[in-house]
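The structure under discussion appears below in the form of C-alpha cells.
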Amino acid sequence: SLSLTELQQWGKFRTKVLAERDFIPIKPPNWDSLVNKLLARAVKLEAPVDASPENEAKLSIKRWFDQRGEGSEYSDIQSGSYALVPYRGPETDYESKEYWAFQPTPLLRWLKRDLGKTITRDSLWAMMVGWGGIKWQWRIGKGGAGTPVRLWALPPDFAMSAEFATEKEEKQEEMGIAEGEGEEMPDI
C-alpha cells in the first residue's frame with residue numbers, strides 16, 4: 001500500500017516501487033493529472049473496529065488470558081499464568097475489586113508472536129492505564145502467605161468494549177447492513 005505522500009511525490013513513489021517490486025518505474029508525462037484523477041475517484045473505506053492498534057492489542061491480550069488460564073502459585077505466574085487478586089485503592093474508589101495480575105514479560109513475548117510486532121513495556125503500560133490497569137505487590141500462593149510479587153493487573157472486563165464493538169460489527173455484516181443501507185444496530 002502507498003501513503004498519500006508516496007503517491008503525490010514521484011521520488012518517494014519510485015523508491016517504494018523499487019523496494020516492493022524490485023524495478024525502477026519510468027515517470028509518465030501526465031503523472032500529476034493521473035494521480036489527481038485517481039484521488040478524485042478514491043473511496044474512503046472505514047476500517048473494522050478491531051483494526052485500531054489499541055483494540056488489536058486489547059483483543060490479543062484477552063486471548064492471552066483465555067489461553068493461559070488462572071494460576072494460584074508463584075511458579076504459575078512465572079510461567080505466564082495470571083492470578084485473580086483483590087485490590088482496593090484510589091483506582092477503585094477504595095472498594096475491593098478483583099483483577100487479573102500477571103508478569104508483563106510473558107505477555108510482551110505473546111504480543112510479539114500474536115501481532116507480529118514489538119510493543120515496548122512503556123507503550124503497553126500506557127495503554128493498560130487507560131483500561132484500568134494497576135501495578136501492585138501481592139502475595140501469591142500458600143493461601144495469601146506466599147511470595148510477595150510486584151505485578152501488573154487488569155480488571156477482568158478490560159476488553160469488553162472491544163469485544164462488544166467487534167460482535168456488533170459482525171452482526172451487522174451477517175444481517176447485510178452496510179453503510180448507507182438500512183439502519184445501524186443500536187448500542188446496548
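For the sequence shown, our numbering gives the first residue as 1, with consecutive numbering after it.
Where a beta carbon is used, it is the ideal one built from N, C-alpha and C, also for glycine.
Predicted model, so just to flag it, every value in this text is computed and none were measured.
Burial state of residue i, where buried means 16 or more other Cβ atoms lie within 10 Å
| i | result |
| --- | --- |
| Met-128 | buried |
| Gly-133 | buried |
| Lys-142 | exposed |
| Lys-58 | buried |
| Leu-154 | buried |
| Leu-39 | exposed |
| Phe-23 | exposed |
| Leu-84 | exposed |
| Leu-107 | buried |
| Glu-20 | exposed |
Check whether residue i and residue j have beta carbons under 8 Å apart
| i | j | result |
| --- | --- | --- |
| Lys-135 | Trp-152 | yes |
| Leu-4 | Lys-16 | no |
| Ser-60 | Leu-115 | yes |
| Glu-70 | Ile-140 | no |
| Gln-8 | Val-43 | no |
| Trp-138 | Val-149 | yes |
| Lys-62 | Ala-159 | yes |
| Trp-10 | Lys-27 | yes |
| Arg-68 | Tyr-87 | no |
| Pro-156 | Trp-64 | no |
| Thr-105 | Lys-112 | no |
Local conformation of residue i per DSSP, three classes
| i | result |
| --- | --- |
| Glu-46 | coil |
| Glu-95 | coil |
| Trp-131 | coil |
| Gln-206 | As shown, the chain starts at 1 and ends at 188. That puts residue 206 outside it, with no answer to give. |
| Val-35 | helix |
Endpoints, beta strand (DSSP E) assigned at residue i
| i | result |
| --- | --- |
| Pro-148 | 147-154 |
Continuous alpha helix (DSSP H) stretch holding residue i: start and end
| i | result |
| --- | --- |
| Lys-27 | Neither: Lys-27 is in no alpha helix (DSSP H) and is coded neither H nor E. |
| Gln-103 | It is not in any alpha helix (DSSP H) - Gln-103 carries neither H nor E in the DSSP assignment. |
Can you check the stretch 62-88 for any beta strand (DSSP E) of at least 3 residues that lies completely inside it and give the ranges in chain order? 83-87
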